[in-house]
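Chains as they are written, first to last, in my numbering: chain W, 37 to 311; chain H, 3 to 312. Below is one structure, written out as structure tokens; comments come after it.
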Amino acid sequence: MAPNSVRQIATVAKYELLKYLRGRRLLAIVLLTIIISAIFLIVPPAIGSQYPKDPTQFTVNVLSFLGILSILSATFFGADAIVSEYESKTGYFLFPNPIRKTAIFVGKFIASALVSVGAIALYYVIAVVSVRVIDGSIPANTGLSFAYSLVYLFAILAIAYLFSAIMRSSVYSLVLTFFTFFLILPIIDAVGSVAKFKPWFSITFANGISQYVFDNPYPTDKIFTTAAPGASGVGVQTYSLAQYYPEVRLSLIVMAVYFIVAFVLSIFLAQRREM
Amino acid sequence: MEPITIEHLSKKYGEYVAVNDLSLTVERGVCVGYLGPNGAGKTTTIKVLTNLLRASSGKAYLNGVDVIHHPKAALDGVGAVVETPEFYPQLTPDECLSYVGTIRGMSGEAIADRSHAVLEQVKLLEVAGKRTGKFSKGMKQRLAIAQALLHEPSILILDEPTSGLDPRGMVEVREIIKGLIKTDITILMSSHLLYEVQEVCDKVAIIDRGVLQTYDSVANLSAGHDVTVTINTLEPITPPEFRAIKALHDITSVKRTETLALKVTFTGGPEAQFRVLRGILNTGVKVVSYMPLRAAIEDVYLQLVPEGEA
């Protein structure tokens, strides 16, 4: 008799983790994490420069790569998790068993989340240990920043799963996931500064809280006015640009909503998908 | 309720009807060959039975459990090979079997024992610890059969199980299936190979354009259809021997093709085939081979499935 779904979820997660451990993607993420950390730590002394004196600023600098690391993790471990079962026909091995597709989905998601959290945690550990060794202190709110990063990670991982449940090709799903978070949403965020609308709904904008949480006091929205020569060099024309900062509570709600909606929708779609 | 019961099952893709109002019942311990040309609806039926596709209407039960609404419970005692499945390249056959065995609730000890047995059965024991990434199509097909047999299912659903296998592999898989038939297992097996079905199965279901054309025992379907056999002899057949063969019961025509060869056509199934052989031997002809030119089931198939569809 087939066991309950919780045990089956654990089984799926276990074998997904085994696949990741033996695959190249986890190795690539770990290597990238180590290389980027090394660049932040080795390059300043190598070129005769000094680390920022403010440990908080140094931490913020090191953690600036975190957004890309989260995007890469979501892409590598989420973007083709569902579609690959159909595209590479491994679903013919897994699906005709006494297991609900929901259990397969949740097991896969847990495995993806575990390896992604592992990568993010590794990066935080390297950053914190480096700051501690160099400066002898750990910036306040590091733990909070890590927690916010995980909320962001879970949200974009759920969206990556949603793409994976919708798309017919692994490559399209991988490309769509990467460019959505790396290019499309950041462009929308940037346009907000010029067009003077606050992109509070953008998940990449909301992710800013993991960086700004180090600022004391927490930054607030600003409108800058700059002057430039007018047309044909006659007179002076003023331009205004907005600098928006994500609000912590609203951003957490936005990311949570993205996570819940994407997760539920992708389970629904994965369950209905046919081979 | 019988182990496999399909009632008025239909599967539509927009306007296209892949399976149309199919009803089929497979009794316990019976092996059914599921035949039809490409696109007839064989794989679609099997995919509905194994929860890979949703039926548009109708019902399907496995061991009395509704597979459409309760797939987890329905697939509990079922082993299936659908198309040629791929395996996770990072995992070994042992790990693949352990994966599905754990999902099915087997104990670690049972998984180890059964994995050894089924991998030996499909001749993959030597590569049990090697990753499947570089396995050939035939090796993957063998592993697929192994995972289907792992939990000693009461129902086995096979979609072209010898597909991708070399001639030796095909014979071996047929032998495995024949061995299973001796047990109480119920088998539904789709195939393109009519001779294979006639050799292995008790009953045959022929489907065409989504509609079940016939469903009967191999013996009943063979009966009433002409079978032609080629007979090779050690010595030339004399005119009295030729006349004696022609006069045998069941025989409809005898044609000398070469000095040492005859083509004999008769009506009936395996029993008639045996009677004809015994009668020919009784005439004193020294028979060295007696080979059906094509399986009787082929005649039935060709009659039910119009030309140009396969």
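Heads up, the beta-carbon is just placed ideally off N, CA and C, and yes, glycines get one too. Source: prediction; values computed, not measured.
Neighbourhood of R116 (chain H) by C-beta distance below 6 Å, restricted to the same chain and skipping five residues each side: L152
Please return the same chain residues whose Cβ sits closer than 6 Å to the Cβ of I179 (chain H), not counting the five positions on each side in sequence. V202
Determine the DSSP secondary structure at C203 (chain H), reduced to helix, strand or coil. coil
Name the chain W residues that come within less than 8 Å of D78 (chain H), Cβ to Cβ? M37, A38 and P134
Kindly list, in the order they appear in chain W, the residues whose Cβ is closer than 7 Å to that of A274 (chain H). The contacting residues do not exist; A274 (chain H) stays about 40 Å from chain W at best.
Go through its chain and collect everything with a Cβ distance to V230 (chain W)'s Cβ below 7 Å, but skip five positions before and after it. L277
Sub-8 Å separation of T254 (chain H) and T235 (chain H) beta-carbons: no
Where does E311 (chain H) land, buried or exposed, given buried means 16+ other C-beta within 10 angstroms? Because the pLDDT at E311 (chain H) is just 49, under 50, the model does not fix this residue reliably, and the value given afterwards should be weighed accordingly. Burial call: exposed.
Would E122 (chain H) be called buried (16 or more neighbouring beta carbons within 10 Å of its own) or exposed? exposed
Sorted by chain position, which residues of the same chain lie with C-beta nearer than 7 Å to H194 (chain H)'s C-beta, five sequence neighbours on each side aside? E162
So, at 7 Å on beta carbons, what are the nonlocal neighbours of A117 (chain W) in its own chain, with the 5 sequence-adjacent residues on each side left out? K144, S148, Y197 and S200
Report the option in W:I156, W:T213 and W:L130 whose CA atom is closest to the CA atom of Y51 (chain W). W:L130
Under the assumption that I223 (chain W) contacts Y294 (chain W) (Cβ atoms under 8 Å), give the Cβ distance between them as a whole number of angstroms. Contact flag wrong, Cβ pair sits at about 18 Å.
Using only the alpha-carbon positions, how far apart do L304 (chain H) and K74 (chain H) sit? 38 Å
Along the segment 27 to 56 of chain H, what residues have a CB closer than 7 Å to any CB found in chain W? K49, T52, N53, L54, L55 and R56
Express the C-alpha separation of A263 (chain W) and Q273 (chain W) in angstroms, rounding to a whole number. 6 Å
I'd like to confirm the pairing. Which residues does DSSP put opposite S200 (chain W) in its beta bridges? For S200 (chain W), which the question treats as bridged, DSSP gives no partner whatsoever.
Other residues of its chain near Y281 (chain W): CB distance less than 8 Å, five sequence neighbours each side excluded: G244, Y248, Y254, P255, T256 and D257
Taking C-beta pairs closer than 8 Å, name the residues in chain H that T126 (chain W) reaches, listed in chain order. P87, E88, F89 and Y90
What does the alpha-carbon distance come out to for the pair F137 (chain H) and P5 (chain H)? 34 Å
Counting only runs of 4+ residues fully inside the segment 38 to 105 of chain H, write out the alpha helix (DSSP H) ranges in chain order. 44 to 51, 73 to 76 and 95 to 105
Which one of H:A146, H:I48 and H:S109 has the shortest CA to CA distance from T126 (chain W)? H:A146
Nearest by alpha-carbon distance to L286 (chain W): which of W:P235, W:F101 and W:F250 is it? W:P235
Which residues of the segment 57 to 75 of chain W have a Cβ closer than 9 Å to any Cβ of chain H? Give them in chain order. L57, R58 and G59
Collapsed DSSP secondary structure at V302 (chain H) in the structure displayed: helix
So is D210 (chain H) buried or exposed if we call it buried at 16+ other beta carbons inside 10 Å? buried
At a CB distance below 7 Å, what residues from the segment 229 to 245 of chain H approach chain W? Give them in sequence order. none
For T188 (chain H) versus V32 (chain H), is the C-beta spacing smaller than 8 Å? yes
Over what stretch of residues does the beta strand (DSSP E) that includes V272 (chain W) continue unbroken? V272 to Q279
Which residues mark the beginning and the end of the beta strand (DSSP E) in which Q215 (chain H) is found? V213 to S219
Taking the CB atoms as reference points, tell me whether F244 (chain H) and V231 (chain H) lie closer together than 8 Å. no
Integer-rounded CB distance, given that A183 (chain W) should sit under 8 Å from T69 (chain W): 19 Å between Cβ atoms; not a contact.
Can you tell me whether Y160 (chain W) is helix, strand or coil according to DSSP? helix
Which residue's Cα is closest to the Cα of L158 (chain H): H:E9, H:G43, H:L93 and H:R30? H:R30
Going by the CB atoms, is the gap between M203 (chain W) and A242 (chain W) shorter than 8 Å? no
Hey, would you say V199 (chain H) sits closer than 8 Å to G35 (chain H), going by beta carbons? yes
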